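Residue numbers are given in numbering that gives the first Met the number 0: position 334 of the sequence shown equals residue 333, and the series is strictly consecutive. Beneath this line is the structure, given in structure tokens, with notes to follow.
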Amino acid sequence: MYRPGRVALATRSLNPFVVGIFVVVGIVILGVTIGLLVHFLAFAQKPYLYQSNLRITNVEYTRQLESPTSSEYRALSRTIENLMNETFRASYLARQFKRAYVVRIRQGDQGVIATVLLKFHFTGRVSEASMKNRIEQILRRLQNNAGTMIINVSPENVQLIPPATAEDILIRECGSSPELMTLSFERIIQGTQAGAGDWPWQASLQLNNAHHCGAILISNAWLLTAAHCFRTVRDPRQWSVTFGYLLSSPERRVNVRRIIIHPNYISETHENDIALVELNSEVSFTRNIHRICLPAANENIPVGATVYVTGWGSLQPGGSSVNVLRQGAVQIISNADCNAPESYNGLVTSGMICAGRQGGGTDACQGDSGGPLAMADSRQIWSVWGIVSWGYECGLPNKPGVYTYVPFYRDWITQQTGI
Ligand code: ARG
């Protein structure tokens with residue numbers, strides 16, 4: 000039976016509900032829009048990078064300061080950074096100031112010149128000229144307030160630079176990590192697969208275009224690798240080097256001009272398992288391709304330090320190499336422990352260093368040879384301490400990876416390359 004009254008009633012009772020929904024949705028959309036507008040116009044924090052050169056006239060430039068990994072360089076950088084941090088945190092730009100980072104120390108007419116990057120977060124619209132002025136003003140306070148250092152801040156010293164310029168400055172220096180590029184200092188190494196640019200000094204040493212070993216970029220023209228990679232073929236014309244974290248689509252491929260194998264390499268004992276590879280043409284550094292630092296000859300890596308090994312090697316002994324670069328965290332083991340009877344029983348000599356995990360697990364394996372064992376210092380600068388050399392199978396307990404100890408060969412590297 001047809002009953003029109005009911006239907007009409009139902010429609011009328013639905014109306015306020017629908018209207019209510021429309022009103023609520025409308026308010027939400029309006030609120031979100033206003034919120035976003037306010038956020039982007041007034042509260043969005045944009046990073047601004049400034050470069051500044053400080054003349055420190057009473058600090059003598061020494062040979063040690065040539066290397067960013069020396070304790071002298073690190074101490075001086077830290078002192079300057081702390082001073083800058085204190086000065087800006089005590090200023091009216093305290094909230095906007097994020098960090099100061101010394102990217103370079105070089106010889107000045109008198110004393111040293113430190114190039115410093117300053118990172119700020121400014122909100123809303125800022126006048127670039129007035130910002131630069133204010134920063135210069137605050138920097139000038141350093142002149143009277145630098146403790147034992149005499150710092151000279153010349154006028155027209157502060158320069159706003161685009162992020163790409165900061166990146167260019169950083170990739171020219173050795174060991175710059177990806178997190179330094181944005182001066183963020185946050186790096187989370189997660190999982191075992193690396194991403195693009197995570198290990199920019201890692202190269203693949205290829206025999207007739209097939210991955211054979213890892214290699215480590217130490218300048219535009221030179222790589223470090225293991226001598227045993229050249230056990231069968233020593234003719235440079237059959238070798239090439241690729242860069243980039245994927246074997247299947249490398250960012251660059253460069254031919255090899257020269258191979259220098261350590262004259263005292265002994266294949267039976269793995270002693271002096273180190274070689275240098277000179278490229279046919281220099282690679283230009285990019286965000287994803289640049290060099291790692293070399294530790295000085297007299298430096299020592301502490302036992303227990305966490306270091307990273309990277310490579311395209313197989314996941315088990317006898318396996319094949321992988322396409323995506325892998326990374327693993329391991330700990331430095333003393334030569335005494337590594338030479339224990341249940342471990343390598345005296346086979347580890349002073350030109351070698353062991354690294355692994357208690358109980359086994361993460362380790363280098365076949366195809367990782369020649370690749371880096373790298374460590375970051377407290378300023379996020381990476382150095383290569385070891386070269387993947389040998390081990391009994393892979394990842395077994397008491398059978399850690401054995402690496403060529405780079406500081407032991409530091410002088411030989413300089414003799415051969417001038418680096
Ligand atoms: N010799 C191997 C190679 O040619 C590397 C061995 C490293 N082994 C280890 N367990 N860490 O690739």
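All residues carry an ideal CB built from backbone N, CA and C; glycine is no exception. Computed from a prediction, not measured in an experiment: that's the story for all the values here.
Output the distance between the C-alpha atoms of residue 57 and residue 108, rounded to the nearest integer angstrom.
Numbered from 1 along the sequence shown, position 58 holds the residue referred to as residue 57. Numbered from 1 along the sequence shown, position 109 holds the residue referred to as residue 108. C-alpha separation (whole angstroms): 11 Å.
Of all the options 402, 46, 320 and 355, which has the alpha carbon lying nearest to the alpha carbon of residue 123?
For the purposes of this step, residue 123 is taken as the residue at position 124 of the sequence shown. Taking only the C-alpha atoms, the option nearest residue 123 is 46.
Who are the near neighbours of residue 157 in its chain, counting only those whose CB is closer than 6 Å to its CB and skipping five residues on each side?
Stepping through the sequence shown from its first residue, residue 157 is reached at position 158. Answer for residue 157: 49, 51, 131, 134 and 135, listed in chain order.
The region 352-361 contacting the region 313-333, beta-carbon criterion three pairs below 8 Å:
yes
Output yes or no for whether 7 Å exceeds the beta carbon distance between residue 433 and residue 214.
Since the first residue shown for the chain is 0 and the last is 418, residue 433 is missing from the structure and cannot be characterised.
How about residue 366: is its Cβ closer than 6 Å to a heavy atom in the ligand ARG?
Taking the first residue of the sequence shown as 1, we reach residue 366 at position 367. Correct: residue 366 has its Cβ closer than 6 Å to the ligand ARG.
For residue 87, count neighbouring Cβ atoms within 10 angstroms of its own Cβ and tell me buried if that reaches 16, exposed if not.
Counted from its first residue, the sequence shown places residue 87 at position 88. Answer is buried; the Cβ neighbour count reaches 16.
Rounded Cβ spacing between residue 170 and residue 285 (contact assumed at less than 8 Å):
Residue 170 sits at position 171 when you count from the first residue of the sequence shown. Residue 285 sits at position 286 when you count from the first residue of the sequence shown. Between residue 170 and residue 285, the beta carbon gap of about 7 Å places them in contact (Cβ cut-off 8 Å).
State the DSSP-derived secondary structure class of residue 1, mapped to helix, strand or coil.
Reading the sequence shown from its first residue, position 2 is the one you call residue 1. In this prediction, residue 1 has a pLDDT of 48, which is less than 50 and means its spatial position is unreliable; what the coordinates show is noted afterwards. In the structure shown, residue 1 sits in coil (DSSP, three-state: anything other than H, G, I, E or B).
Tell me, please, which residues DSSP counts as bridged to residue 355.
Here residue 355 corresponds to residue number 356 of the sequence shown, with the count starting at 1. 330, per the DSSP bridge assignment.
From 119, 294 and 365, pick the residue whose C-alpha is nearest to that of residue 65; which is it?
Indexing the sequence shown from 1 puts residue 65 at position 66. Looking at the Cα atoms, 294 is the closest of the given residues.
Starting from residue 45, follow the beta strand (DSSP E) in both directions and report where the run begins and ends.
On the sequence shown, residue 45 is found 46 positions in, with the first residue counted as 1. Note, residue 45: beta strand (DSSP E), 44-55.
Would you identify the three-state DSSP class for residue 72, choosing helix, strand or coil?
In the sequence shown, the residue the question calls residue 72 occupies position 73. Three-state result, residue 72: helix.
From this set, 278, 106 and 388, which residue's C-alpha is nearest residue 259's C-alpha?
Position 260 of the sequence shown holds residue 259. Nearest C-alpha to residue 259: 278.
Extent of the continuous beta strand (DSSP E) run through residue 277
On the sequence shown, residue 277 is found 278 positions in, with the first residue counted as 1. Residues 274-278.
Looking at the secondary structure, which residues open and close the beta strand (DSSP E) in which residue 245 lies?
Walking along the sequence shown from the start, residue 245 turns up at place 246. Note, residue 245: premise wrong, no beta strand (DSSP E); not H, not E.
Same chain only: Cβ atoms within 6 Å of residue 352, ignoring 5 sequence neighbours per side
In the sequence shown, counting from the first residue as 1, residue 352 sits at position 353. Closer than 6 Å at the Cβ level, and outside the excluded window around residue 352, lie 385, 402 and 404.
On the DSSP bridge assignment, give the partners of residue 117 in chain order.
Indexing the sequence shown from 1 puts residue 117 at position 118. BP columns for residue 117 point to 49 and 99.
Sufficient close CB pairs (3 or more, under 8 Å) joining the region 20-32 to the region 68-79:
no
Element boundaries [beta strand (DSSP E), containing residue 374]
Counting from one through the sequence shown, the residue named residue 374 turns up at place 375. Looking at the DSSP string, the run of the beta strand (DSSP E) that includes residue 374 is 371-375.
Which of helix, strand or coil does DSSP assign to residue 404?
Position 405 of the sequence shown holds residue 404. Of the three classes helix, strand and coil, the one that applies to residue 404 here is strand, per DSSP.
To test your reading of the DSSP string, which unbroken alpha helix (DSSP H) runs of 4 or more residues are found completely within the region 125-194?
Residue ranges of uninterrupted alpha helix (DSSP H) with 4 or more members, entirely inside the region 125-194 and ordered along the chain, are 127-140 and 162-171.
Residues that residue 202 bridges to, as DSSP identifies them:
Here residue 202 corresponds to residue number 203 of the sequence shown, with the count starting at 1. Residue 202 is bridged to 214 and 242.
Where DSSP assigns a beta bridge to residue 307, which residues make up the other side?
Within the sequence shown, residue 307 is the residue found at index 308, counting from 1. Per DSSP, 328 and 373.
Neighbourhood of residue 172 by C-beta distance below 7 Å, restricted to the same chain and skipping five residues each side
Here residue 172 refers to the residue found at position 173 of the sequence shown. If you ignore the 5 residues before and after residue 172, its C-beta comes within less than 7 Å of the C-beta of 67, 102 and 103, all in its own chain and listed in chain order.
Just verifying my parser: in three-state terms, what is the DSSP assignment at residue 489?
Summary: the structure shown does not reach residue 489, with the chain confined to residues 0 through 418, and so no result is reported for it.
I want to check one thing, is the minimum distance from the CB of residue 353 to the heavy atoms of the ligand ARG below 6 Å?
Position 354 of the sequence shown, counting from 1, holds the residue named residue 353. For the ligand ARG, not one heavy atom lies less than 6 Å from the Cβ of residue 353.
If we ignore side chains and look at the alpha-carbon of each, how far apart do residue 59 and residue 146 end up?
Sequence index remark: in the sequence shown, residue 59 carries index 60 (1-based). Sequence index remark: in the sequence shown, residue 146 carries index 147 (1-based). For residue 59 and residue 146, the distance between alpha carbons rounds to 16 Å.
Could you tell me which of 90, 100 and 231 sits nearest to residue 184, measuring between CA atoms?
Within the sequence shown, residue 184 is the residue found at index 185, counting from 1. Nearest C-alpha to residue 184: 100.
By Cβ distance, which residues of its chain are closer than 8 Å to residue 218, with the 5 residues on each side in sequence left out?
Walking along the sequence shown from the start, residue 218 turns up at place 219. Closer than 8 Å at Cβ, skipping near neighbours: 290, 416 and 418.
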